[in-house]
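So the mapping is simple: the numbering used here equals the position in the sequence shown, first residue as 1, plus 348.
Note that the Cβ used here is the ideal one computed from N, Cα and C, for glycine as well.
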Amino acid sequence: MAKTHSLGFPRVGRMRELKFALEDYWAGKAELKTLEDTAQKIRQYNWGVQKGLDFVPAGEFCYYDHMLDMSTRLGVIPERYVADESAVTTYFRMARGRAPGGKDVAAQEMTKWFNTNYHYLVPELKKDQKFTLNIADQLAQIRAAKAAGVNVKPVLVGPVTFLALAKQRDAGENSEARLAHLPALLQAYAQWLKALADEGIEWVQLDEPILVTDLTAAWQQALQQAYAELSKAPVKILLATYFGTLGKNLDTAVKLPMDGLHIDAVAGRAQLDDVQKLWPQDKVLSVGIVNGRNIWRTNLRQAVETLQPIAKVRGDKLWVAPSCSLLHSPVDLTSEESLDGEVKSWLAFAVQKVGEVAVIAKALNQGVDAVKAELDDSDAVVKSRQTSKRIHHDAVAKRIAAVTEADYKRKSPFSERIQKQQAQLKLPMFATTTIGSFPQTPEIRALRRDWRASKLSDADYTKAIQAEIKLVVDEQEALGLDVLVHGEPERNDMVEYFGELLEGFAFTRFGWVQSYGSRCVKPPIIFGDVYRPKAMTVEWTSYAQSLTKKPMKGMLTGPITILGWSFPRDDLAPSQICQQIALALSDEVLDLEKAGIKVIQIDEPAFRELLPLKKEDQPAYLKWAVESFRLSNSAVADETQIHTHMCYSEFNEIIEPIAALDADVITIETSRSDNELLEVFRKFKYPNDIGPGVYDIHSPRVPTVQDMEQLIERAVNYIPAKQVWVNPDCGLKTRRWEEVRPALKNMVEAAHHLRAKFKA
Ligand code: GLN
Ligand code: ZN
C-alpha cells in the first residue's frame, strides 16, 4: 500500500492571520500570548487539513523563517544578539534587527531560498562555533500534533544544506572552510534525532535541497560523512530533495545510507526513471508528483499512471507527496469566491493539493475505479485547459511563429544609435534621471482604492492622477533633473498593473505566499496566451510629456520580470510565455514611440532571479531571457533610447548577458555593494551607457553630495565618463518626499560638480 505525506505546509494562515498577529506584536499592540495563540490555531488548522495523510509534517512551523529556527535551535546565535532577554526577543532581533524589549541591532542577512521568492536568514558561523540544542519549543509542537491525532514526521533542514547556506565571515570566500564544523554539527543533530526518538517518532524528514545544485567533491563527501553518521540514529531518515534533479549528485545521493529518499518529480521529472532504478527497492522512495509551488491542478490520471509501475515493485515503500513544501503555495482555493469559475476549476492550492495526494494514493492502492469521479473530473480539467478559447489564441501563436532573428536586433549598433539619440535629446554629460516611481502617499493609495470600489468616477480619478503627475513633473523640473518620469501613481504593483491590462492573466484575492517574515506576495496567474488588447501607459505618459520640454521616460515592466513574479502556466515553456509577453510589450513600446516618447525604460529586476540553479542549465535560460528582452523593444527607431533597470541581486557573474540585452542605458543598484560591482567593470568593459545607483533608497538616510560624487568618480575609473548616468538605486515609492527632495537635490548637485570636473 503506497503511503502519503507532505513536506511542509504554509504557516501564514488561511487569511494571513500570522502576518497580522506578528505585526501587532512587533508594534506593541498585542501580547506575546496573542501571537502564540494565533500560531497554535494555525498549526491546528494545518494538522486538521493534513490529518488523512500517513505522515504529517510538524515542528517546521515558525514565526519568521525556518532557517532562523534551525540557527536558534542549534545555538548558532552571533554574540551581538545574546543579552539578558527572552528567546523570542533574540529571535526577532536576529530576524529584523528589532524586537519588543530589545535594543536595535543589525539583523541577519537575508537571501533567496534556492530558486524561489522565499527569503531565509543566513546562519552566521564563527571559527570556534559551538552547537547547543534548544528544541523544547519544537518538541512541544510535536506533542501538540500528536495530541491532534496525526502521525507526526518532524521536519528539519539537513546538516549539509544548513552549512552550505551559512556564512562565516572570518573564513572569507572559502565555502569549504565551513565543513570544519561538520563533526560538531553532526553531534548536535545526533542528539536531536535521539530526542525525537524519545518522543516516539519513527520517521524524521531531513531537507537537503543542496543536492539539486552543483556540488564540489568536498561537499559530496560531506553528505556521505553526514549520513553515515546520522544513519546510526534511532529514527528512520527521509532525505528530501526538491526544486530540480539530482543531476551529477545522483550517484552520491543513491548511495547515502538513509531509509528514504524524496525526489521532486515535477521540476525534476527527468530523473524519475533513473532514481527508481538506482535507489534500493527495500528503501522508501517518496515521489513528489503534485506541484508544491504552482497553482495548477494535477493531471491525476497521468500521475497515477506514472506511479503505478513503481507501486507495483515497491508497495508500501512508495510514498506519494507534493514535490516540495507547500509553503510556496497559497493556502485554500475555496476562499476565492470572486475568481472566474472556469479559471478556478483549473486550480489547486495547498489544501487541495493534500487532497490530490490522497486521491493518487487511493487509486494506486484500491484501483482507479475507487476514485473514478475524481479522475473523470481531473480529465475534464485537462481537456478544458487544452481546448479553452480563454487560453489559446491563434493570433498569438501565429505571431510567435513569425518571429525571426532580425526581431531580436536593433537596426544599428549602439555606437550609431547613441549619436542619433544625443542629436535629439541633447543631454549633458552625467545625465540625471530617476527609476520611475515617486513617493506613494496614503492619499494616492486611497485614490486608487476609491476608484476600484467605484466611489470615484473615471473622470475624477483621471483628474486626480493627472494632478499627481503634474506635481511630480514640477518637482523634477525644479530639481533640475534631465530625463523625467511621471511617477507611477496609477500603479499598485509593477507586475499586477500590467497583468490587469493584458489578456491571459487572472488575479486571486487571498492567494498569498510568504516572501519573508510577515511579508507575503500575491502573484498573478498567467493562465492563457498573453496579448495586449489596447495601449496601457500611453495616455498617462503623453500627459506627463505634455507638461515639460524635457524628455519624459515611458515606464514598463519587462517580460522576464512579469513572468518571474507570476504563477506561470505549466502547459507552455517559460521561454514561450516570456516571448508572448515580450510581443505584447513591444506593441506598447511602439505606441509610446508613436506618441512622441523618446526614452522608454523596461524594468527587469527579476532577470537574475530566474537564473537556473545548475550551471549547465544557465546558458539556455540566458539565451531566451536576453532574446525576450530584445524582442520587446528592438523594433524602435535608432533615435528612441531604451533603458532598463535592475536591482536586488548580485550581477557579477551575469554581466555579459546583461550587456547582451543591448539596452542603450542600464540603471543598476550599486550603493550597497559598490566595490564589488565596480570590480566587475574593471574586468569587463561595459559597452553601453550605465547609471550606477548613487542613492540607497532602502534607507531613510539622505546621501550627501560628496557621497554620490565619490561613488561616480570611482566608477569613472572603470567606465568612460561619457557613458555614465547619475540616478538612485531603485524607485522612490517607499520613501517620503522629505527624504526624496533633499536626496535628489544633492544628486543633481553632484552631477554638476562632475560635469565641471570631467569637462573634456
Ligand atoms: N520602475 C519601478 C519603480 O521605480 C522599478 C521598481 C523595481 O525595480 N523594483 O518603482
Ligand atoms: Zn529597482
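Counting C-beta neighbours from all protein chains within 10 Å, is the total for Met349 16 or more, i.e. buried, or is it exposed? In the sequence shown, residue 349 corresponds to position 1, counting from 1. By the 10 Å Cβ count, Met349 comes out exposed.
When burial is assigned at 16 or more other CB atoms within 10 Å of the CB, is Ser763 buried or exposed? Your numbering for residue 763 matches position 415 in the sequence shown. Its Cβ having fewer than 16 others within 10 Å, Ser763 is exposed.
Cβ of Gly906 within 8 Å of any heavy atom in the ligand ZN? Here residue 906 is taken as the residue at index 558 of the sequence shown, counted from 1. No, the beta carbon of Gly906 sits no closer than 8 Å to any heavy atom of the ligand ZN.
Alpha carbons only, please: which of Asp607, Val729 and Leu775 is nearest the one belonging to Ser634? Translated into positions along the sequence shown, residue 634 becomes position 286. It is Asp607 whose Cα lies nearest to the Cα of Ser634.
Apply the 10 Å Cβ neighbour rule to Val424 and answer buried if 16 or more other Cβ atoms are within range, or exposed otherwise. Counting from 1 along the sequence shown, the entry for residue 424 is found at position 76. Buried, by the Cβ-count rule.
Ignoring anything shorter than 4 residues, give me the alpha helix (DSSP H) runs that lie fully in the region 751–827, in order along the chain. 762–773, 790–800 and 806–827
Quick check: is any heavy atom of the ligand GLN less than 8 Å from the C-beta of His993? Translated into positions along the sequence shown, residue 993 becomes position 645. Yes, the ligand GLN has a heavy atom inside 8 Å of this Cβ.
Between the CA atoms of Arg421 and Asp432 - distance to the nearest angstrom: For the purposes of this step, residue 432 is identified with residue 84 of the sequence shown, where counting begins at 1. For the purposes of this step, residue 421 is identified with residue 73 of the sequence shown, where counting begins at 1. Going by the C-alpha atoms only, they are around 18 Å apart.
Going by DSSP, which residues form a beta bridge with Gln989? On the sequence shown, position 641 is the one that residue 989 refers to. Gln989 pairs with Val947.
Is the closest heavy atom of the ligand ZN to the C-beta of Ile783 under 8 Å? As a working mapping, residue 783 is identified with position 435 in the sequence shown. Flag set: Cβ of Ile783 near the ligand ZN.
Just to check, is the beta-carbon of Pro787 closer than 8 Å to a non-hydrogen atom of the ligand ZN? For this step, residue 787 is matched to residue 439 along the sequence shown. Incorrect: Pro787 has no Cβ contact closer than 8 Å to the ligand ZN.
Could you tell me which uninterrupted beta strand (DSSP E) segments, each at least 3 residues in length, are contained entirely in the region 669–755, listed from first to last along the chain? none
Going by other Cβ atoms of all chains shown within 10 Å of its Cβ, with 16 needed for buried, is Ser802 buried or exposed? The residue given as residue 802 occupies position 454 in the sequence shown. Exposed: under 16 other Cβ atoms inside 10 Å.
Less than 8 Å separating the Cβ of Tyr864 from some heavy atom of the ligand GLN? Position 516 of the sequence shown, counting from 1, holds the residue named residue 864. Not so, every heavy atom of the ligand GLN lies at least 8 Å from the Cβ.
Can you give me the start and stop residues for the alpha helix (DSSP H) that Val861 sits inside? Here residue 861 refers to the residue found at position 513 when the sequence shown is read from its first residue. Careful: Val861 lies outside any alpha helix (DSSP H), inside the beta strand (DSSP E) at Val861 to Tyr864.
Only counting runs of 4 or more residues, tell me where the alpha helix (DSSP H) segments fall wholly within the region 823–855, in order along the chain. 844–849
Could you check what DSSP says for Tyr879 in three-state terms: helix, strand or coil? Mapped onto the sequence shown, residue 879 falls at position 531. DSSP places Tyr879 in strand when its eight states are reduced to three.
Any heavy atom of the ligand GLN within a distance shorter than 8 Å of the CB on Leu1025? Position 677 of the sequence shown holds residue 1025. Incorrect: Leu1025 has no Cβ contact closer than 8 Å to the ligand GLN.
If we call anything under 9 Å between Cβ atoms a contact, is Pro881 one with Leu931? The count along the sequence shown starts at 1 and reaches residue 881 at position 533. The count along the sequence shown starts at 1 and reaches residue 931 at position 583. Not in contact: Pro881 and Leu931 (Cβ atoms no closer than 9 Å).
Suppose contacts are defined by Cβ-Cβ distances below 9 Å. Is Leu675 in contact with Gln700 by that definition? Locating residue 675 in the sequence shown gives position 327, counting from the first residue. Locating residue 700 in the sequence shown gives position 352, counting from the first residue. Contact flag unset, no.
Complete runs of the alpha helix (DSSP H) confined to the region 905–973 [at least 4 residues]: 907–912 and 922–942
Consider the C-beta atom of Pro953 and the heavy atoms of the ligand ZN; say whether any pair is separated by less than 8 Å. In the sequence shown, counting from the first residue as 1, residue 953 sits at position 605. The answer is yes for Pro953.
Tell me whether Val1074 sits in a helix, a strand or coil according to DSSP, three-state version. Sequence index remark: in the sequence shown, residue 1074 carries index 726 (1-based). Correct three-state label for Val1074: strand.
Cα separation between Ala745 and Gln927? Mapped onto the sequence shown, residue 745 falls at position 397. Mapped onto the sequence shown, residue 927 falls at position 579. About 11 Å.
Which residues does DSSP pair with Pro502 in a beta bridge? Residue mapping note: residue 502 aligns to position 154 of the sequence shown, counting from 1. DSSP, once it has assigned bridges, lists Ala406 as partnering Pro502.
CB of Tyr996 to nearest heavy atom of the ligand ZN: below 8 Å? The residue you call residue 996 lines up with position 648 of the sequence shown. Result yes, Cβ under 8 Å from the ligand ZN.
In whole angstroms, give me the CA-to-CA distance for His740 and Asp612. Sequence index remark: in the sequence shown, residue 740 carries index 392 (1-based). Sequence index remark: in the sequence shown, residue 612 carries index 264 (1-based). Whole-angstrom Cα-Cα distance: 29 Å.
Supposed close pair Thr856, Leu940 - CB separation, criterion 8 Å: For the purposes of this step, residue 856 is taken as the residue at position 508 of the sequence shown. For the purposes of this step, residue 940 is taken as the residue at position 592 of the sequence shown. About 30 Å; that fails the 8 Å criterion.
Leu1080: beta carbon under 8 Å from a heavy atom of the ligand GLN? The residue given as residue 1080 occupies position 732 in the sequence shown. Yes, Cβ of Leu1080 sits closer than 8 Å to a heavy atom of the ligand GLN.
What's the gap between the Cα of Ala444 and the Cα of Met994? Residue 444 sits at position 96 when you count from the first residue of the sequence shown. Residue 994 sits at position 646 when you count from the first residue of the sequence shown. Per the sequence shown, residue 444 should be read as Arg rather than Ala. C-alpha separation (whole angstroms): 25 Å.
Quick check on the DSSP output: what are the complete beta strand (DSSP E) runs of length 3 or more inside the region 545–593, in order along the chain? 551–555 and 584–588
Going by CA-CA distance only, name the one from Asn499, Phe591, Ala588 and Gly506 that's closest to Glu547. The count along the sequence shown starts at 1 and reaches residue 547 at position 199. Measuring from the Cα of Glu547, the nearest candidate turns out to be Asn499.
In chain order, what residues of the same chain have a beta carbon less than 8 Å from the beta carbon of Ala1007, not counting five sequence neighbours either side? By 1-based counting over the sequence shown, the position of residue 1007 is 659. Only Phe1032, Tyr1034, Pro1035 and Asn1036 meet the Cβ criterion.
Could you give the DSSP three-state label for Arg517: helix, strand or coil? Residue 517 sits at position 169 when you count from the first residue of the sequence shown. Helix, per DSSP.
Using 8 Å as the cut-off, can you tell me whether the region 636–651 makes contact with the region 915–922, which would need three or more C-beta pairs spanning the two stretches below that distance? yes
Straight-line gap, Trp1073 to Ala492 (C-alpha atoms, nearest Å): To locate residue 1073, count along the sequence shown from 1; it is residue 725. To locate residue 492, count along the sequence shown from 1; it is residue 144. Distance between the alpha carbons of Trp1073 and Ala492 is about 59 Å.
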